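*Asks:* I have a structure here, written as structure tokens, and I will follow up with some questions on it.
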Amino acid sequence: METRELRYFVAVAEELHFGRAAQRLGIAQPPLSRAIRQLERRLGTALLDRTSRTVALTGAGTVLLAEARAALEAVEAAERRTRRAALATTGRAGVVLAAKAGAPSELLARLLDAYAAEPDAVTVDLLLCGIGEQERALRDGRADVALLHPPFDTTAGFDTEELRTEGQVVVLPAGHPLAGRPHVRTAEVAGLPDLPMPRWPGHDGTYPDGPGPRIREHAQLLQLVALGRACWIAPESCAARLRGDLAAVPVLDAPTVTTVIAWPPHSRSRAVAGLVRAATSLYAPAERP
């Protein structure tokens, strides 16, 4: 299969309309229809159920849509990394570090200072991401290296070094009855009907079912907690930078959160190696799992 065919198919599968897909691609509809028929013949199966009024994905088409998206993302990531590698040979490229927008500034400041002391350090461009987006930025080539937080982020397919492990706290409005407690348990937090847990999008961009508010930005989340519309279980390091209208209470039985530095396994970047080396030098073995 050619990448052109995959792009054509993804456009039709997402629009479920040949005319709109052709317009989106900037081509005429007849060659688009021919390309899809040729792709179906090559695969030996129907990808789309067509009537005079509707277009729908078959089971095989649903599978190909997921695979085609992943393949096209991989091609785009390869292009970005290749261009960045070419710039690196001229000395004009830095390294892109993806981190969660709400990540502790103390961690980032220490990491950047430690890396700046490396003899061959280059410019570090920070890519501050929304909740869960730094993993995707690393996979699609927008970032060279990322700070991830299992179990919230998936590290499958990356090389990683663990930096530190910490417990979790529940973030509540400062005036909430639980805010003055020395600690709570997850069952107590889950049983708060007035403060549902927030929901953020998965890798496919959709939200899980539930009563909690839909969240995309860290600032939006903190505002909703302060207004008494949600609570949030987060790494305990976030407590040091909370606003005065919020409180953090340790959750005794919550799973620990590990901060890792991650990079693609095929990376040969000296800058990435230096950044990883600087990150691991910041934490004593006792702070790691």
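Residue numbers (this note's numbering): 183 to 471.
Glycine included, each C-beta is placed from N, C-alpha and C at the ideal position.
The structure presented is a predicted model; accordingly, all values stated were derived computationally and were not measured.
Does the region 441 to 450 come within contact of the region 330 to 340, defined as at least 3 CB pairs closer than 8 angstroms?
*Replies:* In short, these stretches touch, since the Cβ pair count reaches three.
*Asks:* Taking 8 angstroms as the limit between beta carbons, can you name the residues of its chain near Arg470, skipping five residues before and five after?
*Replies:* Taking the sequence shown and counting its residues from 1, one reaches residue 470 at position 288. Unreliable positioning characterises Arg470 in this predicted model, as indicated by a pLDDT of 49, which lies under 50. A coordinate reading is not provided.
*Asks:* Is DSSP giving Leu377 helix, strand or coil here?
*Replies:* As a working note, residue 377 is residue 195 in the sequence shown. Three-state result, Leu377: coil.
*Asks:* Just to check, is the beta-carbon of Ala260 closer than 7 angstroms to a non-hydrogen atom of the ligand MN?
*Replies:* The ligand MN is not among the ligands present in this structure, which contains no ligands whatsoever.
*Asks:* Of all the options Val245, Ala210, Leu457, which has the alpha carbon lying nearest to the alpha carbon of Asp307?
*Replies:* Taking the first residue of the sequence shown as position 1, residue 307 is located at position 125. Of the candidates Val245, Ala210, Leu457, the one whose C-alpha sits nearest the C-alpha of Asp307 is Leu457.
*Asks:* In three-state DSSP terms, what is Ile313?
*Replies:* As a working note, residue 313 is residue 131 in the sequence shown. The three-state secondary structure of Ile313, taken from DSSP, is coil.
*Asks:* Decide yes or no for the touch test of the region 206 to 220 against the region 250 to 259: beta carbon pairs closer than 8 angstroms, at least 3 of them.
*Replies:* no
*Asks:* Excluding five sequence neighbours on each side, which residues of the same chain lie with their C-beta closer than 8 angstroms to the C-beta of Arg425?
*Replies:* For the purposes of this step, residue 425 is taken as residue 243 along the sequence shown, with counting starting at 1. Only Leu404, Ala408 meet the Cβ criterion.
*Asks:* Quick one: what's got a C-beta closer than 7 angstroms to Tyr190's C-beta in the same chain, skipping five residues either side?
*Replies:* Looking up residue 190 in the sequence shown gives position 8. These residues qualify, in order along the chain: Leu207, Leu214, Ala217, Ile218.
*Asks:* Look at Asp341 and Pro447 and say whether their C-beta atoms are less than 8 angstroms apart.
*Replies:* Translated into the one-based positions of the sequence shown, residue 341 becomes position 159. Translated into the one-based positions of the sequence shown, residue 447 becomes position 265. Going by C-beta atoms, Asp341 is nearer than 8 angstroms to Pro447.
*Asks:* Does Pro364 pass the burial test, meaning 16 or more other C-beta atoms within 10 Å, or should it be called exposed?
*Replies:* Within the sequence shown, residue 364 is the residue found at index 182, counting from 1. It counts as exposed.
*Asks:* What does the alpha-carbon distance come out to for the pair Val433 and Cys413?
*Replies:* In the sequence shown, the residue the question calls residue 433 occupies position 251. In the sequence shown, the residue the question calls residue 413 occupies position 231. Taking the straight line from one Cα to the other gives about 13 angstroms.
*Asks:* Closest to Ala259 by C-alpha separation, out of Arg223, Arg318, Lys282, Gly276, would be which residue?
*Replies:* The count along the sequence shown starts at 1 and reaches residue 259 at position 77. With distances taken between Cα atoms, Ala259 lies closest to Arg318.
*Asks:* Closest to Thr264 by CA distance: which of Arg324, Gln205, Leu294 is it?
*Replies:* The residue you call residue 264 lines up with position 82 of the sequence shown. Among Arg324, Gln205, Leu294, the Cα nearest to that of Thr264 belongs to Arg324.
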